[in-house]
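Every position in the sequence shown, counted from 1, becomes a number in the numbering used here once 467 is added.
Step one of this worksheet: look at the structure below.
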Amino acid sequence: MSSTTGPFSAGPIDPEEMSPAERYRASAERRAEAATYLGAFIRTLDFELDDFQRQACRSLQEGKGVLVAAPTGAGKTIVGEFAIYLALQRGLKAFYTTPIKALSNQKFSELTEKYGPGNVGLLTGDTSINGDAQVVVMTTEVLRNMLYADSATLGDLGYVVMDEVHYLADRFRGAVWEEVIIHLPSEVQVASLSATVSNAEEFGAWLDTVRGDTDIIVSEHRPVPLWQHVMVGRRIMDLFAGETTFDEIAPPVEEDEQQPAAPGKSRDAGKGRGFDVNPDLLTVAQSESRQSFRSRPGPGGRGQRGRRGNDRPVRGAEPTGVRPASRPQVIASLDRMDLLPAITFIFSRAGCEAAVAQCVASGLWLTTEKEQRIIAQRVDEAGQDIPPDDLDVLGFWTWRDGLLRGFAAHHAGMLPTFKEVVEKLFADGLVKAVFATETLALGVNMPARSVVLEKLDKFNGEAHVDITAGEYTQLTGRAGRRGIDIEGHAVVLWQPGTDPTAVAGLASRRTYPLNSSFRPTYNMSINLLAQFGRSRAREILESSFAQFQADRSVVGLARQVRSREESLAGYAKSMTCHLGDFTEYARLRRELSDAENATSRTKSRVRKSLCDDSLARLLPGDVVDVPGGRAPGPAVVLSSDHTSREPRPAVLTLDNQLRRIGADDLEGPIAPVTRIRIPKSFNAKVPKSRRGLASSVRNALRENRPPAPGQNRNHDFGRGAALPNQEKRITELRRALKAHPCHGCSEREDHARWSERWWKLRRETDGLVRQIQGRTNTIAKTFDRVCDVLSAYGYLEDAGDGRLNISPDGQRLRRIYGEKDLLISQSLRLGAFNDLDAAEVAALASVLVYQAKREDRGLRPRMPSVSLETSVDIVVKEWSVLEDVEEENKLPLTGEPELGLVWPLYKWARGRHLQDVLSGTDLAAGDFVRWVKQVVDLLDQLAKIPGLDPRLARLCAEAINLIRRGVVAYSSVL
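Shown next as structure tokens:
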């Protein structure tokens, strides 16, 4: 393994700066290179290769693997294209893998244009074009599936390009990259292309271990300089004082990591180099802070300046900060400073659409009449195959109006066809302002002159969190188009409370390590067992990057343990007491403290358990009085929740709001105060129905109706039985503590302080020892637990001598790929797909694929048919059992089946119109298409399972034909 780390120069060195000997040597190297494949490849290009590109290509030509880590836009894909060129010249196959279908489609179009449609193929989950071609672009999952199926397509494979390989850190899909790298035949050369990561050496060392000779080429040089700015109001101000670009703020690794940054300085994660923040920005922040302080309410509830008692601003009051520019004002300012085209990242789909609407409403036009004619022609061509009725549902005309003015949104909720049009128009300079979610930064080639970040925090599905330095670099890396722009610009919009020093820290930090998310899944494990047997499978898993990182971390942990053991000996000496064994006395104190804490936890646990039990026993129609949380006051239960570990029944409050209540909303067990009958015609989505039911609740409370007999369903069931024993133990420990000789020591508390330090350090040291034990063979141990679950379910059979055979059901599991692989297999096994027609099969498949946003999960809907209701019950009950088994075996839990796509997909399969399908749902057209394609992918997997019931295989194929129509059929970018 060899390693080379930049900064690399942006191009060849000027010959006039070389000595005669250097010029002669360079000339000889050029002559030698001209006769090679690399020389021939360079002659096909209309630009000079950068040093890092040339070095990576040389490594490939020499038969080595390469890891190329470079900033976005640096041109690392040219290395992948050279691997393809080598394959074509040597009569071998080349696979180009990407993490997302959109990037696969984009790369397929580029390579088809370069090498011709006969030489290039495409394989994604729902698209197959010329799959036996010499060059095939595919998603990484497709290649993984090929390897497990031992596909004939792998014959003559010479090169694999793994674009965006840093995706292996993705916690949901990252394991696929490691599976591919581990399982590819040893003769295949791998070109791994990554964004800049801070542990490229570590990742490269692992590649060298599992793939053989691999060169690591790291470049932090941006070919187009990136300038950092903050937009304060309508003024765009430099973030750093002086002329400071992206390359110049790259920190030197060797400097002192502990030295703090001075005030007004940015420090790269403590790596030593500080840069002066623009003093004007610091002045703005200080002024805003002072004004904010003045406007705070005083002791009497009034502001200290310029506010009345009702806390409303009055005329003449001082502003409490900088007023952010509106979105149209931001774009107008960028246009005035010649900083367009720009991508504005807004971490919200609705925000992206609203931004376009605001710019259109403001009367802004960024396009010329000629550009408008070109845009109109392309947009109309893209929409000509879409039925007129669907155009309205998809918001085509609003979308078209924004594009004509030079504005567009870009997010996952859009139709793929629409996104492709936006990408092409933007790349051609016709659309000047795109408002996008962060998904645009994940590989799709859409560089801009400027990138704008509205905020530096985002909602991650659970809470608002600050973006990381890696995310900041990934997003702003889009700024600066190579060969077009002299420089790129990153602009952060000033928001109340903005800290310029923190922004500078984000912009200058270079610490974003690549950490493995690899873990053995059911499908992976059973395929490894089938191909290699248990012993060899464990060895393969132990060669994963996850285990490689764990093993490396053990060395550092062991060093910490040795250091702590020395400190423990010193602490033990300091707590020596002349009256007796202070270690024993300290143990009694510790036991007493632990017993008191345990009793407190037991009381809390009992209360929580009783609350959960009372919630699980609530029935639809029960009226309860909720003491706290988001929905305090009377409410009627709409649906029970007796299967979840933490029940959250749905309720309707008296102010007609739908809520879920949990144990956190209660002060103790809850019981119905009365009960009403919920009409069969009640529909929670209809406001009139909600108002009518809330009125019934008020009447029942007014009339003081008693709850139904037996409604007090709360019981202790002996949960508090342990409390008396714990109290008795506490009394005994207190007595023993007072009787101990050391209790009367005059220096007892000094000894106790050393004792506390000893216990704390002992606990930390023991924790480190457990970490070492846990990280040793951790992946193989997880694999063993997965095998235990598969054996319990009958997918593996004991053949004696520690060997495991794959049962017929296990062979079926080998061909099921997805996050719910075992649940899907169990659903087939238990007959959940029996007695269904093709439309119902499609709807049931959606239950095993769809993942609702957390806030979109609501009441369980009534199923479209009795047979489908029965099938869904089978799936949900089996999931509940599986979850218990996984919990017992300390395995990650399989996701809960989601029912939110059942009705839309059922209607779609029955031929209903798109507007009817999406009506009453929160699904965007693009989301619907994306999920339907994933259902198609699952149905296609099921139809191809060897030995599957022919009737079910036929129904799966029929279901695919029913749902692959309309927007789903014409949404492909091809």
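Positions of the beta carbon are idealized from the N, C-alpha and C atoms, including for glycine.
Cβ separation of residue i and residue j, assumed to be a contact under 8 angstroms, to the nearest whole Å
i	j	result
Val-1090	Val-1073	26 angstroms between Cβ atoms; not a contact.
Val-958	His-696	5 angstroms
Gly-606	Thr-591	In the sequence under discussion, the amino acid at residue 606 is Thr, which differs from the Gly named in the question. So it is a contact: roughly 5 angstroms between Cβ atoms.
Leu-693	Gly-896	Their Cβ separation, rounded to whole angstroms, is 20 angstroms, which puts Leu-693 and Gly-896 out of contact at 8 angstroms.
Arg-1282	Ile-1430	Actually they are not in contact, since the Cβ atoms of Arg-1282 and Ile-1430 sit about 21 angstroms apart, beyond 8 angstroms.
Leu-1303	Leu-1335	7 angstroms
Glu-1444	Tyr-1284	Only positions 468 to 1441 of the chain appear in the structure, and residue 1444 is not among them; the question remains open.
His-931	Gly-1047	About 55 angstroms separates the two Cβ atoms, so there is no contact after all.
Pro-538	Arg-689	5 angstroms
DSSP beta-bridge partners of residue i
i	result
Arg-757	Answer is none; Arg-757 lacks a bridge partner.
Glu-433	No statement about residue 433 is possible, as the shown extent of the chain runs from 468 to 1441 and does not include it.
Gln-656	Tyr-626
Pro-1101	Asp-1092
Ser-917	Ala-809 and His-956
Cys-1078	In the DSSP output, where bridge partners are listed per residue, Cys-1078 has none listed.
Ala-900	Ala-809 and Phe-874
Thr-906	Bridge partners of Thr-906: none, in fact.
Cys-1044	Gly-1047
Thr-1141	Val-1090
Ser-1106	Ala-1117
Gly-800	First, the residue type needs correcting, since residue 800 is Ser and not Gly in the sequence shown. BP columns for Ser-800 are empty, so no partner.
Exposed unless 16 or more other CB atoms sit within 10 angstroms - verdict on residue i
i	result
Leu-512	exposed
Ala-1036	exposed
Lys-560	buried
Thr-1443	With the chain running from 468 to 1441 in the structure shown, residue 1443 is simply not present.
Gly-1095	exposed
Ala-792	buried
Phe-670	buried
Pro-1114	buried
Tyr-1414	Checking the displayed sequence, the identity of residue 1414 turns out to be Gly instead of Tyr. Looking at its Cβ environment, which holds fewer than 16 other Cβ atoms inside 10 Å, Gly-1414 is exposed.
Ser-756	exposed
Leu-1405	buried
Leu-1360	exposed
Val-781	For Val-781, the pLDDT reaches just 32, beneath the cut-off of 50, and the residue's location in the model is therefore unreliable, although a value from the coordinates is still provided. That one is exposed.
Gly-767	Confidence at Gly-767 is low in this model, with a pLDDT of 44, below 50, so its placement is unreliable and no value can be given for it.
Arg-1005	buried
Val-1435	buried
Met-804	exposed
Pro-1139	buried
Asn-1428	exposed
Lys-1400	buried
Pro-448	Outside the shown range of the chain, which is 468 to 1441, sits residue 448, and nothing can be said about it.
Host beta strand (DSSP E) of residue i (start-end)
i	result
Asp-933	931-933
Leu-807	It is not in any beta strand (DSSP E) - Leu-807 carries neither H nor E in the DSSP assignment.
Tyr-563	560-565
Arg-703	Just to set this straight, residue 703 is Ile in the shown sequence, not Arg. Start and end: 702-705.
Val-1118	1117-1120
Glu-792	In the sequence as presented, Glu is not what sits at residue 792; that position holds Ala. Careful: Ala-792 lies outside any beta strand (DSSP E) and carries neither H nor E.
Val-685	681-685
Phe-926	924-926
Range covered by the alpha helix (DSSP H) that runs through residue i
i	result
Gly-532	Element bounds for Gly-532: not the alpha helix (DSSP H) but the beta strand (DSSP E), 532-536.
Lys-1248	1245-1259
Arg-452	Because the chain is modelled from 468 through 1441, residue 452 falls outside the range shown and cannot be assessed.
Phe-519	518-528
Pro-1371	1369-1376
Asp-1340	1333-1355
His-650	642-650
Arg-675	The identity of residue 675 in the sequence shown is Asp, whereas the question assumes Arg. Unbroken alpha helix (DSSP H) run through Asp-675: 667-678.
Arg-510	504-510
Val-1164	1154-1169
Whole runs of the beta strand (DSSP E) within the region 1378-1414, excluding any shorter than 3 residues: You should have found no qualifying run.
Every unbroken beta strand (DSSP E) inside the region 571-633 [3 residues or more]: 587-590, 602-606 and 624-629
Alpha helix (DSSP H) segments (min. 4 residues) lying fully within the region 943-1021: 967-975 and 989-1008
Whole beta strand (DSSP E) elements within the region 815-896, 3-residue minimum: Segments of the beta strand (DSSP E) lying fully in the region 815-896: 874-877.
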